[in-house]
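For what it's worth, my numbering labels the leading residue of the sequence shown as 65, then goes sequentially. Okay, so here's the structure we're looking at.
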Amino acid sequence: MIFKSIRWLLQAWHSLILVVVLTGFGVTAYQVARGNQLRRIDQELQQRLITAFRPGPPADPHGHGGPPRERPPPDRSPNEGKEGKHDHDPSGWRAHMREVIAHAGALEAGQTNAFYYVVWQQDGSLLASSPGAPKDVPMPAETGREHEPVDRSGAITRTRGELREFCLCFPFGDRALVGRSMAPDLAAMHRLALWLFTAGASVLAFGMAGGWWVATRAIRPIEAISATAVKIAGGDLAQRINASDTESELGRLAGVLNSTFARLEGAFTHQVRFTADASHELRTPVSVILSQTQTALSRERSAAEYRETLQACQRAAQRMRKLIESLLELARLDAGQERMKQERFDLSRVARECVELVRPLAAERGVEMRCDLTGVECLGDAERVSQVVTNLLSNAIHFNRERGEVRVTARSENGTAFLTIADTGVGIPPEDLPHIFERFYRVDKSRSRIQGKTGLGLAICKAIVEAHSGAIEVTSQPGVGSTFEVRLPSGSA
Ligand code: ADP
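Okay, here's the thing in C-alpha cells:
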C-alpha cells in the first residue's frame, strides 16, 4: 500500500537522489582533501630530504641553521652529487651521510610531529638512522612494490600505518628515506569526514522534510478530487471539487473535471426527464385504449359503437407507434447508428419536393407557400435532409395563422449551404426559444398533445443536421413569426 502511494514514491525518489548526490559530493570532497593533504605531506618530505642530503650542510628545517658549508646550485638534485666531491669515494660519501643524519636527527629532537631519517647501503644494510626513527623501517625496493609507487625521478612514496615515507636513491646505490607520522593529519581528515557527514545528514533531513511538505501540498488537490469522485459515485451528482488554485496543473485538472461533472449531471438529469416524458407520452394513448375498451365491454354495444371504439383505439395505437418510431430514431441517432450517406445533391430540388409534399396541408390551412430556390449543392444524405425540411415545413404551416405565409429560400456561401424556412405564425416566446430543440418540449403542451404532436420533431431535426456536421438555429418574434435556418456542408470547398 505504502509503495503505491504517490506521495511515498515521490518522497523515496527524492530521498534517493539526495542521498546519491550528497554521498557523491561528500566522498569527492573528502577524497580531494585527502589527496591534497597527502600531496602536501609528500612535498614536505621531499623538501626535507633534498634539503638535508644536498652536498652541503643540512639546512635547519626549523630555521636553526647549520654550520656554514658550501652549497650546490639550487637546481641540482641530490643525485647530481655523483658529480660532486664524493664521486669516487663511497666511504667519504657515507661518512657525510651519517653526519647529515645525526645533524638532522638532532634538529628534529624535541619537535612535535618530528621527521625521521634512515639511510641504507646498496646491500640493504642500515647505514644510519636518526634517533626518532621507528625500529625496523623496511628498505623500499628500487623498483617499488605494491603501495610503493616509483615516480620518474626514481623517488618512492609509501604509507605504513600512520607513517608517510619518501625515499630517494643516492650515489653508490644507497637509499635515503624521510618520514613522519600522519596522525595529526589523519585526525584532521577524520574531523573533516565527520563534518561532511553531519552537514550531509542535515541537508538530507532538511531536503526530505521539504520534499514531504511539497509532495503533501501537491497531492492535496488529488485527495480533494478523489473525495469528490467518491461522493459523485455514491450518487451525489451536485458535488464539485473545491479548486481554489486554478493556475496549477492540478487546479486546471480540477476545473476540467468540474465541467465534466456538470455535463454528466446535466446528461443524467436530461436522461431522467426524457424517460419520465417518454413514459408520460406513452401512458396517454395506453390510457385511451384501456378506457375505450373498458367502456365498450361494460355492456352490450351496437356495431357502430364498437367501430367507434375500435377507431379510437387505432388512433391511440398509431400515436404510440409514431412516438415509439421517433424515440427509436432518436436513440439510433444518439448512438451514431444512423449512417448518413455522403452524396452530392441539389438542396433546392429536395426543398422543392418537400414543399410539394406539404402543399395540400398548406392549402387546407390557407397558407401560401413562397419559394426562392436556385441550385444549391449540398453534401450529405438527401433523404434525411428532406425529413428535416418536411418537419420544419409542417411546423411552419401548423403554427401559422390563417392565410399566413411560408417562405423557403436556399443559398450557398463560403462552402456552406443555407436553407431558411420563415413563417408568419404565432412565433415562440423568448423564454421557450433556448429549449425548443429539447426532446418533448412544446410551447403549448396540452394543445400540442391533443393535436397529436409528439414534441420530438425538432430534436430529430437537430440530431440529423448535427450528424451532417451542420447546425440549426431559430429566431422568432411572438405574433410575427419564426425563422429556422439550417446550415449544411455544401461539398464545394
Ligand atoms: P411537435 O411535434 O410538437 O411539433 P417539434 O419538436 O417539432 O414538436 O416542436 C416543438 C415545439 O416547438 C412545438 O410544440 C411548438 O411549440 C414549437 N414550434 C416548432 N416550430 C414552430 C414554428 N414554426 N412556429 C412556432 N412554434 C414552433
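Just so it is clear, CB atoms sit at the ideal spot from N, CA and C, and this is done for glycine as well.
Please state whether DSSP places residue 540 in a helix, a strand or coil. Judged by DSSP in its simplified three-state form, residue 540 adopts strand.
By DSSP's criteria, residue 172 is part of a beta bridge. Which residues make up the other side? According to DSSP, which records beta bridges pairwise, residue 172 is partnered with nothing at all.
CB contact check: residue 228 to chain D, cutoff 8 Å: The structure shown contains no chain D; it holds only a single protein chain.
Just to check my reading of the structure: residue 474 and residue 440 have Cβ atoms closer than 8 Å, yes? What is that Cβ distance to the nearest angstrom? 4 Å
Please name the residue, chosen from 553, 88, 370, that lies closest to residue 477 on a Cα-to-Cα basis. 553
Distance between residue 491 and residue 468 (C-alpha atoms, nearest Å): 12 Å
Which of helix, strand or coil DSSP assigns to residue 219: In the three-state reduction of the DSSP assignment, residue 219 falls in the coil class.
Tell me whether the beta-carbon of residue 373 lies closer than 8 Å to the beta-carbon of residue 381. no
Since residue 523 is in the alpha helix (DSSP H), which residue starts that stretch and which ends it? 521–531
When the Cα of residue 480 is compared with those of 189, 544, 532, which residue comes out closest? 532
Does the Cβ of residue 388 lie closer than 7 Å to at least one heavy atom of the ligand ADP? Residue 388 Cβ: outside cutoff for every heavy atom of the ligand ADP.
What are the start and end residues of the beta strand (DSSP E) that includes residue 112? Element bounds for residue 112: not the beta strand (DSSP E) but the alpha helix (DSSP H), 70–117.
Residue nearest to residue 564 in terms of C-alpha spacing, selected from 496, 458, 530, 472: A question about residue 564 goes unanswered here, because the residues of the chain that appear run from 65 up to 557.
Determine, using beta carbons only, whether residue 105 and residue 224 come nearer to each other than 8 Å. no
In the DSSP output, what is residue 245 paired with across the bridge? 227
For residue 450, which of helix, strand or coil comes out of DSSP? helix
So what does DSSP say about residue 232, is it helix, strand or coil? Note: residue 232 maps to strand in three-state DSSP.
Rank 114, 191, 422 by C-alpha distance to the C-alpha of residue 453 and give the top, closest one. 422
Validate contact between the region 337–345 and the region 299–313 using beta carbons, cut 8 Å, 3 pairs: no
Less than 8 Å separating the beta-carbons of residue 430 and residue 404? no
Extent of the continuous alpha helix (DSSP H) run through residue 353: 313–361
Using only CA atoms, which one of 203, 338, 162, 304 lies nearest to residue 323? 304
Excluding five sequence neighbours on each side, which residues of the same chain lie with their C-beta closer than 8 Å to the C-beta of residue 394? 503, 520, 523, 524, 527
For my contact list, residue 484 and residue 545 are in at a C-beta cut-off of 8 Å; report their separation, rounded to the angstrom. Residue 484 to residue 545, Cβ: 12 Å. No contact.
Identify the residues that DSSP records as bridge partners of residue 483: which are they? Residue 483 pairs with 474, 550.
Taking all protein chains shown into account, decide if residue 280 is buried (16 or more other Cβ within 10 angstroms of its Cβ) or exposed. exposed
With hydrogens ignored, establish whether the beta-carbon of residue 543 is closer than 7 Å to any heavy atom of the ligand ADP. no
Do you know how far the Cα of residue 239 is from the Cα of residue 202? The alpha-carbon atoms of residue 202 and residue 239 are separated by roughly 11 Å.
Which residues in the same chain have their Cβ closer than 7 Å to the Cβ of residue 184, if we skip the five residues on either side of it in sequence? Around residue 184: 190, 191, 203, 238, 239.
When 168, 158, 197, 167 are compared against residue 186, the one with the closest alpha-carbon: 158
Residue 256 and residue 94: beta carbons closer than 8 Å? Remark: C-beta atoms of residue 256 and residue 94 approach each other more closely than 8 Å.
Inter-residue spacing [alpha-carbon to alpha-carbon] between residue 147 and residue 83: Confidence in residue 147 is poor, its pLDDT being 43 and thus under 50, which makes the residue's placement too unreliable to answer from.
Could you spell out the range, first to last residue, of the beta strand (DSSP E) harbouring residue 193? 190–193
Could you check where the beta strand (DSSP E) with residue 434 kicks off and where it finishes? 432–437
Residues that residue 214 bridges to, as DSSP identifies them: Per DSSP, the beta bridge partners of residue 214 are 220.
Start-to-end residues for the alpha helix (DSSP H) that takes in residue 379: 367–399 is the span of the alpha helix (DSSP H), which, as asked, contains residue 379.
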